[in-house]
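One structure is given here, and the rest of the page talks about it.
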DNA sequence: TTCACGATTCTA
DNA sequence: AGAATCGTGAAG
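Numbering (the numbering used here), first residue to last: 9 to 226.
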């Protein structure tokens with residue numbers, strides 16, 4: 009099982025898979041600053057109900073935080089039609105198109121009238137190529153998420169949501185890497201990117217970092 | 001109306 | 001290292 013390394017922390021499932029996947033994180037979870045929510049999102053599952061009723065899902069292994077008071081944030085300068093969702097209530101999807109090609113998927117956090125959100129940068133998919141969703145654009149492509157999802161609430165009713173991890177927070181000590189954000193020019197001093205060290209589905213690792221060995225799958 | 005550019009990815 | 005590709009916002 010080559011992908012086993014990706015799944016070390018997923019393996020001690022304590023409840024039936026369908027049960028954990030159908031749970032969704034409450035809005036209160038997102039009603040906190042992005043830099044608080046982002047690391048806690050590592051290990052959660054991104055879940056989408058497909059047309060045939062089955063659930064498409066994967067584990068969130070990389071996130072980034074953005075906040076209005078720093079220049080890398082879309083809401084740093086002013087509120088526009090494009091970034092309006094980012095200023096809205098927490099617990100909603102903020103989806104935009106970048107480079108005219110790729111969609112980026114964010115969750116709105118904190119409070120209304122304050123641009124704040126977490127970018128979902130990478131997801132590990134079970135029984136699929138390790139890098140099928142290793143990056144913001146690839147993630148959006150794999151889950152078929154587009155501007156049509158912008159402004160929608162995270163909910164099972166809407167068909168796209170985030171489920172808590174099967175095991176309790178926090179993640180095993182040392183498996184969460186905190187580092188600088190990617191693909192931005194300003195605000196690079198902020199260490200607001202987090203990823204799961206044991207996962208091979210991270211978009212880009214810090215220099216010299218290698219996926220930590222599997223712990224529990226033997 | 002025009003223009004420069006981006007929270008990226010793929011190819012050379 | 002460079003191209004692909006287009007919606008958006010600021011400028012004229």
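Here a beta-carbon is modelled for each residue, glycine too, at the ideal position from N, C-alpha and C.
With a CB to CB cut of under 6 Å and the five nearest residues on each side skipped, what residues in its chain are close to residue i?
| i | result |
| --- | --- |
| residue 228 | Only positions 9 to 226 of the chain appear in this structure, which leaves residue 228 out of reach. |
| residue 155 | 103 |
| residue 64 | 56 and 58 |
Output the distance between the C-alpha atoms of residue i and residue j, rounded to the nearest integer angstrom.
| i | j | result |
| --- | --- | --- |
| residue 88 | residue 48 | 29 Å |
| residue 132 | residue 192 | 24 Å |
| residue 211 | residue 137 | 13 Å |
| residue 145 | residue 106 | 9 Å |
| residue 44 | residue 125 | 10 Å |
| residue 159 | residue 82 | 15 Å |
| residue 61 | residue 171 | 17 Å |
| residue 217 | residue 116 | 30 Å |
| residue 90 | residue 196 | 23 Å |
| residue 128 | residue 27 | 23 Å |
| residue 174 | residue 163 | 18 Å |
| residue 95 | residue 75 | 10 Å |
Considering only DSSP beta bridges, list what residue i is partnered with.
| i | result |
| --- | --- |
| residue 73 | 126 |
| residue 142 | 130 |
| residue 163 | 168 |
| residue 53 | 67 and 171 |
| residue 213 | Per DSSP, none; premise fails for residue 213. |
| residue 111 | 105 |
Report buried or exposed for residue i, applying the criterion of at least 16 other Cβ atoms within 10 angstroms of its Cβ.
| i | result |
| --- | --- |
| residue 101 | buried |
| residue 77 | exposed |
| residue 152 | exposed |
| residue 141 | buried |
Closer than 8 Å by C-beta to residue i: which residues in its own chain qualify, once you throw out the five before and the five after it? Chain order, please.
| i | result |
| --- | --- |
| residue 39 | 98, 99, 117, 118 and 119 |
Who are the near neighbours of residue i in its chain, counting only those whose CB is closer than 7 Å to its CB and skipping five residues on each side?
| i | result |
| --- | --- |
| residue 69 | 50, 130, 131, 132, 203, 204, 207, 209 and 210 |
**OP:** List in chain order: all unbroken beta strand (DSSP E) runs of 3+ residues lying wholly within the segment 56 to 108.
**Re:** The segment 56 to 108 contains these whole beta strand (DSSP E) runs: 63 to 75 and 101 to 106.
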